[in-house]
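Numbering (our numbering), first residue to last: 14 to 323.
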């Protein structure tokens, strides 16, 4: 009986070890498959933006929400994107589902715009940008957020930027936010981050607001004298007739002038987009966000991050 018990114990241990190895191998295989699919989806997003840029160059068109890149990809089986293979049936393909969207990051006010850097090298100097501080102040008022929080956050951003300019060693310089969620480092509360999320972004450099894609709140904050009701009417009208150039926007936005809609702060084209890709493998959901910078026909990935699936 002792021998039988020993054999049974050893057999159970061997079977468990074999099962564990199989599970680890399956998990690693799924991880690699997911990584390659997400890379492919990101490359696809870059291709869409590159073709849009090519079309804009040929026609002189602006970037707006009626273009193909602005249409979200509803969840679809991965096999529907693959060419038919006579040697494989649909049942043999991996049960994966893909969805995603491209979001124009210049449809949002760039928190980085609060700081203006003048000069280069040792002469570089950081200072608050008064027009942009006024824009964000109006946005805070529209969303009923505490203006003191904005004042403190702008001061913190200025201080960290100044120290980063003075000290070239990254290890001893304070961290400057590079993504929206990191604005909490400057003192923005969770409630403020939630309220601002659809209207504010953080980009690697100063940027201009795309009047064709901006929310009514961002438009109202960015154009002095444009109240929220008029901004909402602008959003409705531009859906069927996007702005083709800044002069067109000045003529069609109520109360706008060449002094309130300027090339320094506004545009009808965009260079920064965020790709959001969601992949579902069986009962596993993976979501990845990437910032894409488009310079002409060149698309560069500034950062990628996995986020917690909702």
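Here a beta-carbon is modelled for each residue, glycine too, at the ideal position from N, C-alpha and C.
For residue i, three-class secondary structure by DSSP
i: residue 142; result: coil
i: residue 192; result: coil
i: residue 80; result: coil
i: residue 316; result: strand
i: residue 266; result: coil
i: residue 164; result: helix
i: residue 250; result: helix
i: residue 206; result: helix
i: residue 135; result: helix
i: residue 272; result: coil
i: residue 199; result: helix
i: residue 103; result: Its pLDDT being 49, under 50, residue 103 is placed unreliably in this model, and the coordinates cannot settle the point.
i: residue 58; result: helix
i: residue 184; result: Note that residue 184 scores a pLDDT of 49, beneath 50, so its modelled location is shaky; the value from the coordinates is reported in the next line. Residue state, collapsed to three classes: helix.
i: residue 228; result: coil
i: residue 175; result: helix
i: residue 149; result: helix
i: residue 53; result: helix
i: residue 72; result: helix
i: residue 218; result: coil
i: residue 97; result: Any reading at residue 97 needs caution, since the residue's pLDDT is 47, under 50, leaving its predicted position unreliable; the model's value is listed next. In this structure, residue 97 counts as coil in the three-state DSSP scheme.
i: residue 155; result: helix
For residue i, the nearest candidate out of the options (CA to CA)
i: residue 135; options: 148, 155, 129 and 178; result: 178
i: residue 300; options: 307, 288 and 310; result: 288
i: residue 81; options: 65, 69, 87 and 75; result: 65
i: residue 77; options: 302, 227, 295 and 234; result: 227
i: residue 163; options: 202, 215, 180 and 313; result: 202
i: residue 284; options: 173, 259, 69 and 159; result: 69
i: residue 280; options: 191, 244 and 256; result: 256
i: residue 47; options: 316, 305 and 295; result: 295
i: residue 212; options: 117, 199 and 264; result: 117
i: residue 274; options: 233, 72, 246 and 249; result: 233
i: residue 293; options: 113, 60 and 55; result: 113
i: residue 115; options: 319, 302, 320 and 265; result: 302
i: residue 170; options: 191, 159, 153 and 152; result: 191
i: residue 224; options: 91, 122, 71 and 57; result: 122
i: residue 250; options: 237, 260 and 229; result: 229
i: residue 238; options: 193, 266 and 166; result: 266
i: residue 196; options: 127, 244, 246 and 157; result: 127
i: residue 141; options: 91, 168, 180 and 264; result: 168
i: residue 248; options: 231, 199, 151 and 260; result: 231
i: residue 72; options: 317, 258 and 286; result: 258
Inter-residue CB distance, residue i and residue j (contact presumed, cutoff 8 Å)
i: residue 111; j: residue 83; result: So it is not a contact: roughly 18 Å between Cβ atoms.
i: residue 129; j: residue 218; result: In fact, because the Cβ distance is near 11 Å, the residues do not count as touching under 8 Å.
i: residue 86; j: residue 155; result: 32 Å between Cβ atoms; not a contact.
i: residue 147; j: residue 50; result: About 45 Å; that fails the 8 Å criterion.
i: residue 262; j: residue 269; result: 7 Å
i: residue 175; j: residue 143; result: Not a contact, Cβ separation roughly 17 Å.
i: residue 222; j: residue 119; result: 6 Å
i: residue 173; j: residue 189; result: 5 Å
i: residue 55; j: residue 290; result: 7 Å
i: residue 62; j: residue 305; result: 6 Å
One or two residues paired with residue i in a DSSP bridge
i: residue 298; result: 293
i: residue 306; result: 285 and 313
i: residue 213; result: 122
i: residue 109; result: 294
i: residue 223; result: 280
i: residue 117; result: 286
i: residue 86; result: 113
i: residue 130; result: 139
Is the segment 298 to 313 touching the segment 122 to 135 in the sense that three or more CB pairs, one from each, lie closer than 8 Å?
no
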